[in-house]
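Trainee:
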Amino acid sequence: MKQVLAKADAERATDDIFAEARGRLPGAGPVPQIRARAFDVYKRAGLPHRGMEDWKYTDLRALIGEVLPLAPQPDAQALARAKVSAKQVAADQAVKLVLVDGMFAPELSDLGRLETEVVVRSLREVLETPAAVAMAGLLLSTTSDSAISLNAAMATDGLVITVADGNAVKRPIQIVHVATGLSVSTYTRSYLQLGKGAHAAILESFVPAEGASGYQANDAIIALVGEEARLSHIRVAAAASDAVNISSAIMAVGARAKLDLFTMTCSGSISRYQGFITLAGEGTKLSANGVNLVRDELHADTKIVVDHAVPHCNSREKFRAVIDDCGRSVFQGRILVRPAARKTDATLTTRALLLSDQAEADNKPELEILADDVACRHGATSGALDDALVFYLRARGLSEKDARILLIKAFIGEPIEEITSQNLRDFVTAQAEHWLQARR
Amino acid sequence: MALLEIHDLHVRVENREIIRGLHLNVNAGEVHAIMGPNGSGKSTLSHVIAGKPGYEITGGQVLFRGENLLRMEPNERAAKGVFLAFQYPVDIPGVTTMNFLRAALNAQRKARDQREFSTPEFLKRVREVAGSLKIPHDMIKRGVNVGFSGGEKKRNEILQMALLEPSLCILDEIDSGLDIDALRIVASGINALRSPARAMILITHYRRLLDHIVPDIVHVMSKGRVRKSGGKELALELEACGYAQFEDAA
Numbered sequence: 005m006k007q008v009l010a011k012a013d014a015e016r017a018t019d020d021i022f023a024e025a026r027g028r029l030p031g032a033g034p035v036p037q038i039r040a041r042a043f044d045v046y047k048r049a050g051l052p053h054r055g056m057e058d059w060k061y062t063d064l065r066a067l068i069g070e071v072l073p074l075a076p077q078p079d080a081q082a083l084a085r086a087k088v089s090a091k092q093v094a095a096d097q098a099v100k101l102v103l104v105d106g107m108f109a110p111e112l113s114d115l116g117r118l119e120t121e122v123v124v125r126s127l128r129e130v131l132e133t134p135a136a137v138a139m140a141g142l143l144l145s146t147t148s149d150s151a152i153s154l155n156a157a158m159a160t161d162g163l164v165i166t167v168a169d170g171n172a173v174k175r176p177i178q179i180v181h182v183a184t185g186l187s188v189s190t191y192t193r194s195y196l197q198l199g200k201g202a203h204a205a206i207l208e209s210f211v212p213a214e215g216a217s218g219y220q221a222n223d224a225i226i227a228l229v230g231e232e233a234r235l236s237h238i239r240v241a242a243a244a245s246d247a248v249n250i251s252s253a254i255m256a257v258g259a260r261a262k263l264d265l266f267t268m269t270c271s272g273s274i275s276r277y278q279g280f281i282t283l284a285g286e287g288t289k290l291s292a293n294g295v296n297l298v299r300d301e302l303h304a305d306t307k308i309v310v311d312h313a314v315p316h317c318n319s320r321e322k323f324r325a326v327i328d329d330c331g332r333s334v335f336q337g338r339i340l341v342r343p344a345a346r347k348t349d350a351t352l353t354t355r356a357l358l359l360s361d362q363a364e365a366d367n368k369p370e371l372e373i374l375a376d377d378v379a380c381r382h383g384a385t386s387g388a389l390d391d392a393l394v395f396y397l398r399a400r401g402l403s404e405k406d407a408r409i410l411l412i413k414a415f416i417g418e419p420i421e422e423i424t425s426q427n428l429r430d431f432v433t434a435q436a437e438h439w440l441q442a443r444r
Numbered sequence: 037m038a039l040l041e042i043h044d045l046h047v048r049v050e051n052r053e054i055i056r057g058l059h060l061n062v063n064a065g066e067v068h069a070i071m072g073p074n075g076s077g078k079s080t081l082s083h084v085i086a087g088k089p090g091y092e093i094t095g096g097q098v099l100f101r102g103e104n105l106l107r108m109e110p111n112e113r114a115a116k117g118v119f120l121a122f123q124y125p126v127d128i129p130g131v132t133t134m135n136f137l138r139a140a141l142n143a144q145r146k147a148r149d150q151r152e153f154s155t156p157e158f159l160k161r162v163r164e165v166a167g168s169l170k171i172p173h174d175m176i177k178r179g180v181n182v183g184f185s186g187g188e189k190k191r192n193e194i195l196q197m198a199l200l201e202p203s204l205c206i207l208d209e210i211d212s213g214l215d216i217d218a219l220r221i222v223a224s225g226i227n228a229l230r231s232p233a234r235a236m237i238l239i240t241h242y243r244r245l246l247d248h249i250v251p252d253i254v255h256v257m258s259k260g261r262v263r264k265s266g267g268k269e270l271a272l273e274l275e276a277c278g279y280a281q282f283e284d285a286a
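Residue numbers (our numbering), protein chains in the order written: chain A, 5 to 444; chain B, 37 to 286.
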């Protein structure tokens, strides 16, 4: 009874949040209606909970209970704090685009360094233009996930990045998401469109400003990768240790294109990354890799769904989790091979390294093969560091701490090695190193 | 003062006494061979000197240059100059031999308050030593011992020994799993490292190794103690008569 009441209270609170936020949400023409519909979809399902197979290890209804009020527009002080964090996390040579508490902050971004091969607009600007009728579709999505529906209803801003046919963007574009607030929620939604043969690398960082606490960040990125295009999407999430970060990626990849994905979660009370990748054109190649680094009582959940919709596509997934203290890591990797997708070649390996007796790893690789003549493999393991290896390194002069760090780095090295850009690989390695050095 | 002094050492593993009152003195410049049947405690002795966890020292002393070795962490022992060539070197996927060697060498140098080697200095040294051990360069760029043959693993142990320049080398069955050509390469690598400042302890079942690396002193170990010590001719005697006579004396 108590639980039913609690849920009803939470729902009422959520209703209020949408009602209150409505006036602040950008969008002309049909946009408000689309938002209201998305919110209805969300409301019918409610917060994701363990009764939903996709969320069975991350029961947001139980873990966070309610959706917090929408963050206020960042003031000068919030922007100043965000600037410090954005600078700290800036990757070498990347062009920075900064989103603060769900709002694009051009004054913190390197718009002047953008190459002419790429066009960047804010979602707010796009949704407010008279041509919004055409753009309203940006808020629609093909997935029925309730966190994504909530995102569509509430998105205050984001980036719309377009690379025209044949254009190659040389420098990586780094989208930095900074949260500055206390007990508020933020929603961003970005779009990425790569034309035929276009090349780009997008790095996304999620960080708190100093003093940010207890916030809920809900981000979505939707990418359309054109024929023969090449996209690298690297994501490093380090939310505040009492904050929630939910990131969804919905991507469709055209014929003979190549998509390299990498996601790393290294902090956040509750983190969830969910990637839905559709290989929509023949001959595409997907490399999807990631690492969860979890300590204390933090919870990191990574879910990647690869949808082989057409023949002759190739997908490779490597995932590693390192869990210390009472941390919990979840990896769900689903490979769907549709009836038409013959000659599919897909592999998925997931391995967890448990550094303490209380650490927990849930690995769930799933293959759903509906086509003939395919090659699909998956493997999952979990275990502790091998004492014999630690001793070998110590006998050669490394301290126990350094020996363990070296072995953990080697363990997570395999997915990181898949990042093709040396710069971005070094960036990710440095972030991982930072996590390792902070281990007690 | 001897480089290594072991006095009345007693060691237990899971409540079984493996080493039972062992004495051994090793001086700088000497090469000792410890021979003995399976289960005599030879490998346990090498592990205890190197500091492998899991052994309970119930009595005795192990002094290295007069310092109590048993109180030091394995890495401290390594930095002081103790090196164990493993009987079964482990594979470390994801850590290249090159990075491993550099990490080990610099960790030891740091512990000794020496400056770390620069990359070119380090590479030059690795190339020289690897060349003399016929270790191809691509092997060094691969994960430590990953996909290596038994012989390659043992050569990699000697490579590490040559780079780290320890003053006490304990070679635990360095000859096991080696064919005659590999044994020659490994033995000549070890012989090249003999020096008046360095001592070696060769642990082996077989005399064959001692044809290639001629020891100064041979010890026969059985049931956790040194039963007899002598010159290199003791190895020949052992081959003729076997270990049984020493077990009887136990």
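Think of the CB as a built atom: it goes at the ideal place given N, C-alpha and C, for glycine as much as any other residue.
Hey, would you say ARG127/B sits closer than 9 angstroms to VAL162/B, going by beta carbons?
Mentor: In the sequence as presented, Arg is not what sits at residue 127/B; that position holds Asp. No, these two residues do not count as a Cβ contact at 9 angstroms.
Trainee: Hey, could you find the ends of the beta strand (DSSP E) ASN222/A is sitting in?
Mentor: First-last of the beta strand (DSSP E) with ASN222/A: 220–229.
Trainee: Among residues of its own chain, excluding the 5 on either side of LYS60/A, which ones have a beta-carbon nearer than 7 angstroms to its beta-carbon?
Mentor: Excluding sequence neighbours, LYS60/A sits near ARG54.
Trainee: Quick check: the Cα distance between GLU321/A and GLU164/B, rounded to an integer number of angstroms?
Mentor: In a straight line, the C-alpha of GLU321/A is about 40 angstroms away from that of GLU164/B.
Trainee: Given a cut-off of 9 angstroms on the beta-carbon distance, is the pair ARG191/B and LYS170/B in contact?
Mentor: Taking 9 angstroms as the Cβ cut-off, ARG191/B and LYS170/B qualify as a contacting pair.
Trainee: I think GLY185/A touches ALA84/A, with their Cβ atoms under 8 angstroms apart; what is that distance to the nearest whole Å?
Mentor: About 14 angstroms separates the two Cβ atoms, so there is no contact after all.
Trainee: Helix, strand or coil, according to DSSP, for VAL240/A in the structure here?
Mentor: VAL240/A: strand per DSSP, three-state reduction.
Trainee: Alpha helix (DSSP H) containing ALA372/B: first to last residue?
Mentor: Residue 372/B lies beyond the residue range present for chain B, which begins at 37 and ends at 286; the question has no answer from this structure.
Trainee: Out of ASP305/A, PHE266/A and ILE281/A, point me to the one whose CA is closest to ILE274/A's CA.
Mentor: Checking every option, the nearest Cα to that of ILE274/A belongs to ASP305/A.
Trainee: Taking LEU393/A as the query, report the chain B residues whose CB atoms sit under 7 angstroms from its CB, ordered along the chain.
Mentor: Within chain B, the residues near LEU393/A are VAL126 and ILE128.
Trainee: Is the beta carbon of VAL124/A sitting closer than 9 angstroms to the one on LEU101/A?
Mentor: Against a cut-off of 9 angstroms, the Cβ pair of LEU101/A and VAL124/A comes out as a contact.
Trainee: So, SER150/A versus PRO73/A, is the Cβ gap smaller than 9 angstroms?
Mentor: Taking 9 angstroms as the Cβ cut-off, SER150/A and PRO73/A do not qualify as a contacting pair.
Trainee: What are the residues that DSSP puts in a beta bridge with GLN278/A?
Mentor: Paired residue(s): SER252/A and LYS307/A.
Trainee: Taking the C-alpha atoms as reference points, what is the distance between LYS214/A and SER89/A?
Mentor: Checking the displayed sequence, the identity of residue 214/A turns out to be Glu instead of Lys. One C-alpha to the other measures close to 8 angstroms.
Trainee: Could you tell me the distance, in whole angstroms, from the CA atom of GLY130/B to the CA atom of PHE136/B?
Mentor: Cα to Cα, the separation comes out at about 10 angstroms.
Trainee: Could you check which residue in ALA350/A, ARG338/A, PRO212/A and LEU103/A has the C-alpha nearest to that of GLU57/A?
Mentor: When each option's Cα is compared against that of GLU57/A, the closest is ARG338/A.
Trainee: At least one CB of chain D closer than 9 angstroms to the CB of GLY215/A: is that the case?
Mentor: Any reference to chain D falls outside this structure, whose protein chains are A and B.
Trainee: Between which two residues does the beta strand (DSSP E) holding THR353/A run?
Mentor: Counting along the chain, the beta strand (DSSP E) containing THR353/A begins and ends at 349–358.
Trainee: Give a yes or no on whether the C-beta atoms belonging to THR354/A and THR385/A are separated by under 9 angstroms.
Mentor: Yes, the Cβ-Cβ distance between THR354/A and THR385/A is below 9 angstroms.
Trainee: Could you pull out every residue in the same chain whose Cβ sits closer than 6 angstroms to the Cβ of GLU240/A, ignoring the five residues on either side in sequence?
Mentor: Sequence check: residue 240/A is Val here, not Glu. Counting only Cβ-Cβ distances below 6 angstroms, and skipping sequence neighbours, we find SER209, MET268 and GLN435.
Trainee: Check whether chain A comes within 9 angstroms of LYS189/B, counting only Cβ atoms and requiring the distance to be less than that.
Mentor: Closer than 9 angstroms: no.
Trainee: Determine, using beta carbons only, whether MET257/B and LEU40/B come nearer to each other than 9 angstroms.
Mentor: No, the Cβ-Cβ distance between MET257/B and LEU40/B is not below 9 angstroms.
Trainee: Check LEU144/A in the structure and name its three-state DSSP category.
Mentor: Correct three-state label for LEU144/A: coil.
Trainee: Using a Cβ-Cβ cutoff of less than 6 angstroms, which residues in the same chain neighbour ALA221/A once the five nearest sequence positions on both sides are dropped?
Mentor: Excluding sequence neighbours, ALA221/A sits near ALA183, THR190 and ASN249.
Trainee: Please tell me whether LEU402/A and ALA139/B are closer than 9 angstroms, where the distance is taken between their beta carbons.
Mentor: In contact: LEU402/A and ALA139/B (Cβ atoms closer than 9 angstroms).
Trainee: Helix, strand or coil for ALA325/A per DSSP?
Mentor: DSSP places ALA325/A in strand when its eight states are reduced to three.
Trainee: Do ILE281/A and VAL314/A come within 9 angstroms of each other at the CB atom, strictly closer than that value?
Mentor: No.
Trainee: Counting only Cβ pairs nearer than 7 angstroms, list the residues of chain A close to GLN196/B.
Mentor: ARG400, listed in chain order.
Trainee: Can you tell which of THR146/A, GLN97/A and GLU119/A has the C-alpha that lies nearest to the C-alpha of ALA168/A?
Mentor: Comparing Cα-Cα distances from ALA168/A to each of THR146/A, GLN97/A and GLU119/A, the minimum goes to GLU119/A.
Trainee: State yes or no: is the beta carbon of GLY417/A nearer than 9 angstroms to at least one beta carbon in chain B?
Mentor: Yes, GLY417/A counts as interfacial toward chain B.
Trainee: What are the start and end residues of each continuous alpha helix (DSSP H) run of 4 or more residues lying completely inside the segment 143–223 of chain A, in chain order?
Mentor: Counting whole runs of 4 or more residues, the segment 143–223 of chain A contains the alpha helix (DSSP H) stretches 150–158.
Trainee: According to DSSP, is GLN7/A part of a helix, a strand, or is it coil?
Mentor: Because the pLDDT at GLN7/A is just 49, under 50, the model does not fix this residue reliably, and the value given afterwards should be weighed accordingly. Note: GLN7/A maps to helix in three-state DSSP.
Trainee: In angstroms, rounded to a whole number, what distance separates the CA positions of ARG148/B and THR155/B?
Mentor: Computed Cα separation, rounded: 19 angstroms.
Trainee: Under 9 angstroms, do GLY179/B and ALA198/B count as touching if we go by C-beta distance?
Mentor: In this structure, ALA198/B does not lie closer than 9 angstroms to GLY179/B by Cβ.
Trainee: Report yes or no: do three or more beta-carbon pairs, one from the segment 157–176 of chain A and one from the segment 193–206 of chain A, lie closer than 8 angstroms?
Mentor: The segment 157–176 of chain A is in contact with the segment 193–206 of chain A.
Trainee: Pick out whichever of PRO78/A, ARG117/A, GLN37/A and ALA98/A has its Cα sitting closest to the Cα of ALA109/A.
Mentor: Nearest C-alpha to ALA109/A: PRO78/A.
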